[in-house]
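Notes to accompany the following structure.
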Amino acid sequence: MKGIVNMKDENNMEIFEINIINNGKIEKNKLFLSEIEDEINLKIEIERTIYFSKSDNIFDSVVELRKKLELKNIYLLCNASVINVYPSGMQKEFGGTKAYKLQMG
394 MKGIVNMKDE
404 NNMEIFEINI
414 INNGKIEKNK
424 LFLSEIEDEI
434 NLKIEIERTI
444 YFSKSDNIFD
454 SVVELRKKLE
464 LKNIYLLCNA
474 SVINVYPSGM
484 QKEFGGTKAY
494 KLQMG
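Each step along the sequence shown adds one to the number in my numbering, with nothing skipped, and position 103 is 496.
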């Protein structure tokens, strides 16, 4: 994910430092990614509330998490959460880590 620092913890869970907008303010946060068999799980804790999402690829998991957060006026600041960014079918089959930024034209 562009603009995000990636590291791993002792459980081999990937940790991404990500910026969010929370009630109009930009904040730094950590997004946790784990892969169990063919399932991608994302977790983020904001103001003592933990939000989860899961899917068979990273992109769909980010979209699910984005929709949950937007209900609380929280926005992820990464390309995968932008409405005009979308992976091809083949990219989704291979994990959804790459996507196209689409524009009318």
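Quick reminder that beta carbons are idealized off the backbone N, C-alpha and C, glycines included.
Residue state for residue 428 is assigned as strand, using DSSP reduced to three classes.
DSSP, read as helix, strand or coil, puts residue 454 in helix. For residue 420, the beta-bridge partners assigned by DSSP are 413. Residue 435 and residue 413 have their C-alpha atoms roughly 15 Å apart. When beta bridges are read from the DSSP output, residue 446 appears opposite 435.
For the pair residue 428 and residue 453, the Cα-to-Cα distance works out to about 14 Å.
Between the C-alpha atoms of residue 456 and residue 474 there is a straight-line separation of about 6 Å. The beta carbon of residue 422 is closer than 7 Å to those of 411, 413, 437 and 439 in its chain, skipping five residues each way along the sequence.
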